[in-house]
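A short worksheet on the structure shown next.
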């Protein structure tokens, strides 16, 4: 039976009045746990943010080893610079670039038939991906 807004609040108030649930020890522990969890999350976010954005001098090693590896979390320019300097450096951003470029190269032959693009077998995908891409259903 739907109670509506006022009926729901009336039920809550009557239930609290009859059962005194606010003074139950488990309810108190639950409230304390929720507040403690939110405080922990706020502190964790503050610590992570300060470790990612803090500027230091070359005499300090705070940015040399850390969560962001001397990069800001969403600073794509610094990731591109680091990738240009270090060919082994990978982030999700650079992996997505490689994946996107790979998919574009893979479907280029079907996407642009007028270009007469021919790829060697080494660069084409193998297995079911090639089978389904050729239209064999």
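Residue numbers (the working numbering): 1 to 137. Note that the Cβ used here is the ideal one computed from N, Cα and C, for glycine as well.
Euclidean distance between Cα positions of residue 26 and residue 8: In the chain shown, counting from the first residue as 1, residue 26 sits at position 26. In the chain shown, counting from the first residue as 1, residue 8 sits at position 8. Straight-line Cα distance between these residues: approximately 23 Å.
Cα-Cα separation, residue 83 to residue 99: Taking the chain shown and counting its residues from 1, one reaches residue 83 at position 83. Taking the chain shown and counting its residues from 1, one reaches residue 99 at position 99. C-alpha separation (whole angstroms): 15 Å.
Contact check, residue 3 vs residue 15, beta carbons under 8 Å: Taking the chain shown and counting its residues from 1, one reaches residue 3 at position 3. Taking the chain shown and counting its residues from 1, one reaches residue 15 at position 15. It is not a contact, given that the beta carbons lie outside the stated cut-off.
Residue 18 - containing alpha helix (DSSP H), residue span: The sequence position of residue 18 within the chain shown is 18, counting from 1. It spans 4-19 - the alpha helix (DSSP H) in which residue 18 sits, taken as one unbroken run.
Backbone secondary structure at residue 27 - three-state DSSP: Indexing the chain shown from 1 puts residue 27 at position 27. Residue 27: helix per DSSP, three-state reduction.
Inter-residue Cα distance where the pair is residue 111 and residue 96: In the chain shown, the residue the question calls residue 111 occupies position 111. In the chain shown, the residue the question calls residue 96 occupies position 96. Taking the straight line from one Cα to the other gives about 20 Å.
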